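Participant:
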Amino acid sequence: MRRKGFRTKVGLIALALVWSLAGVGAASGAWREELTLGGTVATGNVDVAFTDVQVVKEWGPGSITVSLLPGGKAFAVEMNDVWRGSRAEIVYTVLNQGTIPVVAEPVGLGAEGIEMAVEPPPMLEAGAAGQGTVEVAVTREIERGAAFETGGVVLDFRQWNR
Numbered sequence: 016m017r018r019k020g021f022r023t024k025v026g027l028i029a030l031a032l033v034w035s036l037a038g039v040g041a042a043s044g045a046w047r048e049e050l051t052l053g054g055t056v057a058t059g060n061v062d063v064a065f066t067d068v069q070v071v072k073e074w075g076p077g078s079i080t081v082s083l084l085p086g087g088k089a090f091a092v093e094m095n096d097v098w099r100g101s102r103a104e105i106v107y108t109v110l111n112q113g114t115i116p117v118v119a120e121p122v123g124l125g126a127e128g129i130e131m132a133v134e135p136p137p138m139l140e141a142g143a144a145g146q147g148t149v150e151v152a153v154t155r156e157i158e159r160g161a162a163f164e165t166g167g168v169v170l171d172f173r174q175w176n177r
């Protein structure tokens, strides 16, 4: 008899445990049905402009001058009476007016007979300014008074992902 009572108690405990777990599962399922998750994705904008540009060093004959163009998205390099071997180092400052951090990659360098070595600014946080350099060198023979295309530098700014 003792053995039969033991089995009955174990059976009742097991049955109670199964029903308890079923109740917990049902309650959990009902609670999860009402759980609502929401999220938003916020995007920023890239808006970088040149704020200053100047020639800091010149080598060779002639003169090389720079000026900001309207809107601050570019600057012009003007070469007067330069010869082969004329060089200049240009320092420029850019300001990240956008809302996301950006990095720059130079594209479209120079033209035939003009070399441009560009060092872009480091990563710019939103609202930060940074400096970069351009070294311009005349590598071809130029006739006196000749006009020619100097090419240009484009800095392609894109979002910096951490």
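Counting with this note's numbering, you get residues 16 to 177 for the letters of the sequence shown.
For each residue, glycine too, the CB sits at the ideal point set by N, CA and C.
These figures come from a predicted structure and were not determined experimentally.
Distance, Cα to Cα, Ala141 vs Phe65?
Facilitator: Position 126 of the sequence shown, counting from 1, holds the residue named residue 141. Position 50 of the sequence shown, counting from 1, holds the residue named residue 65. Cα to Cα, the separation comes out at about 15 angstroms.
Participant: Let me make sure I understand the geometry here. Which of Glu158, Val33, Gln174 has the alpha-carbon closest to that of Val97?
Facilitator: Working through the sequence shown from its first residue, we reach residue 97 at position 82. If we check each option's Cα against that of Val97, Glu158 comes out closest.
Participant: Do Val71 and Val109 count as a contact pair if the criterion is CB distance below 8 angstroms?
Facilitator: Counting from one through the sequence shown, the residue named residue 109 turns up at place 94. Counting from one through the sequence shown, the residue named residue 71 turns up at place 56. Cβ distance not < 8 angstroms, so Val109 and Val71 don't count as in contact.
Participant: Name the one or two DSSP bridge partners that Leu83 has.
Facilitator: Walking along the sequence shown from the start, residue 83 turns up at place 68. DSSP, once it has assigned bridges, lists Phe90 as partnering Leu83.
Participant: Tell me which residue opens and which closes the beta strand (DSSP E) that Ile129 is part of.
Facilitator: Walking along the sequence shown from the start, residue 129 turns up at place 114. Residues 129–134.
Participant: Is Val61 helix, strand or coil by DSSP?
Facilitator: For the purposes of this step, residue 61 is identified with residue 46 of the sequence shown, where counting begins at 1. In the structure shown, Val61 sits in coil (DSSP, three-state: anything other than H, G, I, E or B).
Participant: Check whether the region 82–95 and the region 132–146 are in contact - that is, three or more C-beta pairs closer than 8 angstroms.
Facilitator: No, because fewer than three Cβ pairs between the region 82–95 and the region 132–146 fall closer than 8 angstroms, the two stretches do not touch.
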